[in-house]
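> Chains as they are written, first to last, in my numbering: chain A, 60 to 142; chain B, 60 to 142; chain C, 923 to 1085; chain D, 923 to 1085.
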Amino acid sequence: MNIRYFAWVRERVGVEEETIEVPASVATVADLIAHLKTLDETYAAAFDEEDAIRVALDQVHVEADTILGDAREIAFFPPMTGG
Amino acid sequence: MNIRYFAWVRERVGVEEETIEVPASVATVADLIAHLKTLDETYAAAFDEEDAIRVALDQVHVEADTILGDAREIAFFPPMTGG
Amino acid sequence: MTVTPLVRVQLEDFDAQAEAGHLTEGRRDVGALVTFTGLCRDEAGTLSALELEHYPGMAEAELGRIAGEAISRWPLTGLTVIHRHGRIRPGENIVLVIAASSHRRAAFEAADFLMDFLKTRAPFWKKEHLVQAEDGTGEGDGNRTSAWVEASTRDDVDADRWT
Amino acid sequence: MTVTPLVRVQLEDFDAQAEAGHLTEGRRDVGALVTFTGLCRDEAGTLSALELEHYPGMAEAELGRIAGEAISRWPLTGLTVIHRHGRIRPGENIVLVIAASSHRRAAFEAADFLMDFLKTRAPFWKKEHLVQAEDGTGEGDGNRTSAWVEASTRDDVDADRWT
């Protein structure tokens, strides 16, 4: 699955974009975040303020309990500050 | 006192502006309208829909019970439709 | 710093972009600009032109009073109100309001307030001149080819939102 | 007739007057045009520039969804949304929203709604680059010379007005 990061989430993870293998046990957005946090210290720190992170699945806003299904792209970013 | 008329009030009275002597018995805007209606049929017809007529005294909106005082100009006109 | 509104009543058209520029150029404190432009419309294709009568002197004074009220209610950095009078054809501009502020809510509310009060309190009256029924192009002087626009109760309701 | 909004995300500045012209020219059904322009401000004189990061693809898509929602809620004749990204200096334009309608209330509400939702839902993030304390002109790369703007709870409150 393709993962994209923006703003301070991108800076903390250290990459803009990456592709990861999603284990079969991962069903929802929250499951994926929990999985990423187990990978290493960097992810654990980046997702530490989990409530402050927003998620888009295939470029549509979703909540933590959304099923990943066959989405190709997920993005993590802070609350938006455009306008 | 100088009287000005606008829009359909002007068309019904037939003049844009005129100066009239205000009798001592006339104290308020309503008194003045009542006085004008006694002058002739034209005024009586022009002020027939009295509730539909707005009044400004020295270029400030006022109500029918406002005292004329030493105002120099009064204006009568329909509800406004600018913008 | 007290903001002085720019208020004009004029026959000629206005330049919204130039007026907006006057409120922002050389400044760093304007975060939001809300511009309202009112145009002469004619969905039915029956209108030849609007004729806008006004009360010279009072029109400027009353717009100034409404603008002053807006400035006292919202933290604005600038405020512009321009209202045309005379003959205005479909598609042409009638009125321009620009509210500038650090914050967007103040700019939106001030422009909205200004239009609501302008509609019910500024001494302007619209007369519609209709195209002649026969050929659809000429302009009649006869009966029923022109009529004063009636005030809308909707405008009073809108103005009452602010009291 | 369904209205198709114009949505653009771009590096370069926009021309508000030209965009407004596209919504009115050759038409007789537009009575009201409400334009919102958001600018980069810096009252304190400490900002060198804003850097606007965005999510390419989703930014356009989400602005399109918000614009579509506005069109379904209000009887608009046209709707334009342009958001810049990249480096923006104090006094420069960031965002433009223009709502056109026969009636002013629809135009005001649609523009207001669009800005509220854009603020909380469009994937843009602002980073402030500060001028260096020492000489007040240069721009630093060191500690504390740049910071992400935090989302305002006020924006959430504004967006909740429409639900």
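Ideal placement from N, C-alpha and C gives every residue a C-beta, glycine not left out.
(1) Give the range of the alpha helix (DSSP H) segment to which leucine 945 (chain C) is assigned.
(2) Run down chain D in chain order and give the residues with a C-beta less than 9 Å from the C-beta of phenylalanine 958 (chain C).
(3) Let me see if you follow: with CB-CB separation under 8 Å, is threonine 140 (chain B) close to chain C or not?
(4) Using 8 Å as the limit for Cβ to Cβ distance, is alanine 66 (chain B) near chain C?
(5) Quick one: which chain C residues come within Cβ less than 7 Å of phenylalanine 135 (chain B)?
(6) Please list the partners that histidine 120 (chain A) has in chain D, where partner means a Cβ-to-Cβ separation under 7 Å.
(7) May I ask which residues mark the beginning and end of the alpha helix (DSSP H) holding threonine 1079 (chain C)?
(8) Tell me, please, whether the CB atom of threonine 946 (chain D) is closer than 8 Å to any CB atom in chain C?
(9) Output needed for alanine 86 (chain B): all residues of its chain with C-beta closer than 8 Å, excluding positions within five of it in sequence on either side, in chain order.
(10) Indicate whether the contact test is met: 3 or more Cβ pairs, each with one atom in the region 928 to 947 of chain C and one in the region 990 to 1006 of chain C, closer than 8 Å.
(11) Grab the span of the alpha helix (DSSP H) containing glutamate 1050 (chain C) for me, first residue to last.
(12) Ends of the beta strand (DSSP E) at leucine 985 (chain D)?
(13) What is the rounded straight-line gap between the Cα of glycine 1064 (chain D) and the Cα of asparagine 1015 (chain D)?
(14) Check whether chain A comes within 8 Å of alanine 983 (chain D), counting only Cβ atoms and requiring the distance to be less than that.
(15) Beta-carbon within less than 8 Å of proline 82 (chain B)'s beta-carbon, same chain only, minus the 5 sequence neighbours each way: which residues are those?
(16) Is proline 1045 (chain D) closer than 8 Å to methionine 139 (chain A) when the C-beta atoms are compared?
(17) List the whole-angstrom C-beta distance separating leucine 972 (chain D) from glutamate 1050 (chain D), where the pair is believed to meet the contact cut-off of C-beta under 8 Å.
(18) Could you please give the first and the last residue of the uninterrupted alpha helix (DSSP H) stretch that includes isoleucine 92 (chain A)?
(19) Report yes or no: is there a C-beta of chain D within less than 8 Å of the C-beta of glutamate 1061 (chain C)?
(20) Look up tyrosine 977 (chain C) in the DSSP assignment and say whether it is helix, strand or coil.
(21) Does aspartate 1080 (chain C) come within less than 8 Å of chain D when only Cβ atoms are used?
The short version:
(1) 938 to 946
(2) Ala954, Leu955, Val956, Thr957, Arg1026, Ala1029 and Phe1030
(3) yes
(4) yes
(5) Within chain C, no residue comes near phenylalanine 135 (chain B); the closest Cβ sits about 11 Å away, beyond 7 Å.
(6) Arg1043
(7) Looking at the sequence provided, one finds valine at residue 1079 (chain C) rather than threonine. It spans 1075 to 1082 - the alpha helix (DSSP H) in which valine 1079 (chain C) sits, taken as one unbroken run.
(8) yes
(9) Ile126 and Leu127
(10) yes
(11) Careful: glutamate 1050 (chain C) lies outside any alpha helix (DSSP H), inside the beta strand (DSSP E) at 1046 to 1052.
(12) Segment 980 to 995 is the alpha helix (DSSP H) holding leucine 985 (chain D); no beta strand (DSSP E) there.
(13) Because glycine 1064 (chain D) carries a pLDDT of 49, less than 50, the predicted location of this residue cannot be relied on, and no value is offered for it.
(14) yes
(15) His94
(16) yes
(17) 6 Å
(18) 88 to 98
(19) Since pLDDT at glutamate 1061 (chain C) reaches only 47, below the 50 mark, its modelled position is unreliable, and no value is offered.
(20) coil
(21) yes
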